[in-house]
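Below: one structure, written as C-alpha cells.
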Amino acid sequence: MVSSSKAPPIFDRSFLLELAGGLVFKQGERLFETGAVTAVKWECPVLSGTVKGVDEPYAPDLNLRSTVFAVNRCNCIDGRRRKVCAHAVAIALHYQALQREQANAARPHPDFVPEPEPEPEAPKPRGLRSVKLAADGDKLRMLVFLPPNFEAAAERDAIVVKLDAAAGREIVPLNKLSPTRSYQASAPQLAALALVESWCGGKLASLLQLTGGRLRRLLDLLVDEPTIYWVKKPNAPIDWQDAKLPGVHEFLKTASAQEVAEDTAQQAEAPIAVVDAPQRPTFKRNISLREKSKPNPRRIAEARVQGTWKTRAGDYPVAKSVADSMANYPANRLVVDGSPNFIAIRLPSGRDDESIKPLRNILKLEGFQLEPSNRKWWLRDRHKALNFLAAHWKALREQWGALFTDSFEAKLAHVELSELSIETQEEGGRFALDVTLSKGGDETAVRRAIATGRSYVEGDDSDNKITLLDQASVQRLHQIERAVSGQADRPFTPTFSKRLDTQELLDVEDLLDEMVEGWQPPQAWQDRSRALKQVGALEAAPVRPAFDSILRTYQRIGVAWLWHLYRHDLGGILADEMGLGKTLQALALIECVRTTQAEPMPALVVCPASLVENWMREAGRFVPGL
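Using numbering that gives the first Met the number 0, read the sequence shown as starting at 0 and increasing by one per residue.
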C-alpha cells in the first residue's frame, strides 16, 4: 500500500548510502531483491512498512522529519537503538520501485503496439542428461526411502525422502552414479529419474524435500514397483494395494489444480532414452604397453642454459689437495679452506675437547661430514656452503680465531657480507630515517632469497658477485624495525623507512648506537637530541629584570625550561598545582619570545571561557607591553 500527503524524498542509492551507510545499504538491498517487503506506506514524514523475518515480521518506522538526524523504530536490534536498519532501507527501496511503476503505467509509449502472443508449442520429449544409457548396460533401479515421521512431515507438506540407486549388485546414493558407466532401466524408472532430474536442474540428488503433491507424482510413476521403503526397514519394500501404498497415500494431501496440470504435462513428457549401440572392442596395432615418461624439469633447465649445472675443475677438489693447502698452517689453530661450492675445516689439535665441542656441534647441525682419511670436516653443497658462511663467517674469524687459506680468500674475493646502511635526511623540521640491509642491492632479489630459505643473493651471468645476508645484521635490522615502528609483530623487510619527530630522536639514537657499531647521527640530529638529554643544565631565560624580580625560584626554573624547549623546537606540558603561577610563567615566555623576534608575531592562548578575564588581568598587571 502506498499513500502520501506530501512528496517524499527520492530514495535513490546516494540518499540511502548517506542515510544508512554502505554495509546497511547492501543488507537492505538484498532484502528488497528477495521480495521480503510485504507492505509499505508513506505518511509525511514517516515511512513505515513490513518485512518478512525468520521468526517474526519486522515493522520499521522511519521518521524523516530531518534527513540528517533520521529516527528509526523497528523491532530489530538496530531499530531498538533508533538506528537506520536494513529493514528501513528495504522498505525505502520497495517504495521507490512502486513509485517508478506507477509513473511508467501513467505514461504509456505512444508508439507501443502489443505483439501477438505466440501460440504455445507442444511439449517436446526429453531424455536423461545425467545418466548414460545403453542396451547392454547395467540394470538400474531408483529406490525411494520414506522418513519415520512421515505423518507429521506430510501434515507440514515438507517430506524429506532419500533416493538410492541399485546398479547391478551395488547400491549407491543416486547422485553418485558413474557418468562413464552405461545403464539400462524400465520405462517407469526412466520417467521417475527424469522427474527427479527436472526438479534438480538437470542433475540427480540423493536427498529431496518434497511436497505431498510432488511425492504423489513420483509414486504414480512407480506404481507396482517394489522400490519404496521405510528408512528403518531397508530390506522390506512397502507392498502396493490397488495402486496405493498403505500408510502413505492416506496422509498425502490432494494435489492442487496447478500440480494436476504439472502432472499431465510431466506424463506427456515421456523421457526418451538415447541408447548407444554396443560396439565391439577393437585393438590398434603397434600398441606400446610402456608408460610414457614424464618430462624432467632439471633436464629441461640444463638444455636451456648450457653449463649451468656443470662443475668446473676446482669446485670440488680431492681431499688430498685440500689437505696439502692446510699443511703450512699451525696445527693448534682452526683452518678454513673452500670456495662458494664447498667448505673444508680442520679443527685445532691439542686443545680441550670441551672448548671446541660447541663448534663441532655447529658443524654437525650444518651438515658437515668428517673425512676419516684426513680428519677434515667437509660440506660439499653450494647452497649449504653459502648459507653456512652467511651465518658463521664472522664468528669463525672473530670468536674462534680461524685462519683462512689463500685459496679460500682468492675464490671468495667476489663474495661480501651484508652490512646495515643507515641514511638520515632532514626534511621540513623532521628527519627521514632509511635503514637498508644491503646498500645498492636488489630489494626484490633479497626478498625472494629470504622467502626461499637462501641467506645469499647471486648476481646475473654478467656479474658473479655474491652477497651473503649476515644473520646478525638481519636480526639487528628486524629489531630496529620493530622498535622504531612500535609494532612488535612487524614482519621483516630488507629496507625500512620512517619520518621521525623531534621527541623520537633520543630513543632512536640510543637504539642505533647499540645496534650499529660506529654510527654517528648528523649534527642537527645531535643538537636536538642533546636538548632532550641536557634538560638539567638550563640557561636562564631573557626575562625583563622588573618581571624577573617578581618570579620565585621555581618559577624562574619553569620559565627557563619553557625557553629551552622553544629554542630547540620541542613541545612540553607545564603541570603544577593550582595557584603556583603557571599563567605567570607562560606570560614570561611569551614576552621573551616577543622581545627576541625581529618581527614580533601574535601568540595564541587557548583557555576555558571562565579564565579569559584572569588572563587579561594577569597580562595587564605583569606584561602591560603585550
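We treat Cβ as the ideally placed atom computed from N, Cα and C, and that holds for glycine.
Check: Close beta carbons around residue 181, own chain, < 8 angstroms, minus the five adjacent residues each side; Outcome: 131, 132, 133, 135, 136, 137 and 275
Check: Per DSSP, cross-strand counterpart(s) of residue 141; Outcome: 164
Check: Residue 451 (DSSP reduced to helix, strand or coil); Outcome: coil
Check: Assigned secondary structure, residue 71 (DSSP; H/G/I helix, E/B strand, else coil); Outcome: strand
Check: Alpha-carbon spacing of residue 398 relative to residue 375, whole angstroms; Outcome: 20 angstroms
Check: Start and end residues, alpha helix (DSSP H) containing residue 497; Outcome: First-last for residue 497: 494 to 499, but that is the beta strand (DSSP E), not the alpha helix (DSSP H).
Check: Straight-line gap, residue 293 to residue 31 (C-alpha atoms, nearest Å); Outcome: 56 angstroms
Check: Status (buried if at least 16 other CB within 10 Å, exposed otherwise) for residue 518; Outcome: exposed
Check: Cβ separation of residue 465 and residue 382, assumed to be a contact under 8 angstroms, to the nearest whole Å; Outcome: Going by Cβ atoms, the distance from residue 465 to residue 382 rounds to 12 angstroms, so no, they are not a contact pair.
Check: Reference residue 80; option with closest CA among 71, 496 and 86; Outcome: 71
Check: Coarse secondary structure for residue 396, derived from DSSP in three states; Outcome: helix
Check: Simplified DSSP state of residue 469, which is helix, strand or coil; Outcome: coil
Check: Reduced DSSP category for residue 55 - H, G, I as helix; E, B as strand; rest coil; Outcome: coil
Check: Within the region 172 to 251, ranges of the alpha helix (DSSP H) (whole runs, at least 4 residues); Outcome: 186 to 198 and 211 to 220
Check: Extent of the continuous alpha helix (DSSP H) to which residue 32 belongs; Outcome: 21 to 32
Check: Euclidean distance between Cα positions of residue 355 and residue 430; Outcome: 47 angstroms
Check: Residue 515 (DSSP reduced to helix, strand or coil); Outcome: coil
Check: Residue interval of the beta strand (DSSP E) (run including residue 434); Outcome: 429 to 435
Check: Reference residue 241; option with closest CA among 224, 593, 362 and 587; Outcome: 224
Check: Residue 631 classed as buried or exposed, judged by whether at least 16 other C-beta atoms fall within 10 angstroms; Outcome: Residue 631 lies beyond the residue range present for the chain, which begins at 0 and ends at 625; the question has no answer from this structure.
Check: Burial state of residue 417, where buried means 16 or more other Cβ atoms lie within 10 Å; Outcome: buried
Check: Among 247, 607, 366 and 590, the one whose alpha carbon lies nearest that of residue 217; Outcome: 247
Check: Per-residue DSSP class, three states only, for residue 542; Outcome: coil
Check: Contacts around residue 387, its chain only, beta-carbon distance under 7 angstroms, and the 5 residues preceding and following it disregarded; Outcome: 342, 365 and 378
Check: Nearest-angstrom beta carbon gap, residue 165 and residue 192 [assumed within contact, 8 angstroms]; Outcome: Not confirmed; about 13 angstroms, so no contact.
Check: Residue 592 in three-state terms, based on DSSP; Outcome: helix
Check: Residues near residue 358 in its chain [Cβ-Cβ closer than 8 angstroms; skip 5 each side]; Outcome: 333, 346 and 399
Check: Beta-carbon proximity of residue 151 to residue 208, cut-off 7 angstroms; Outcome: no
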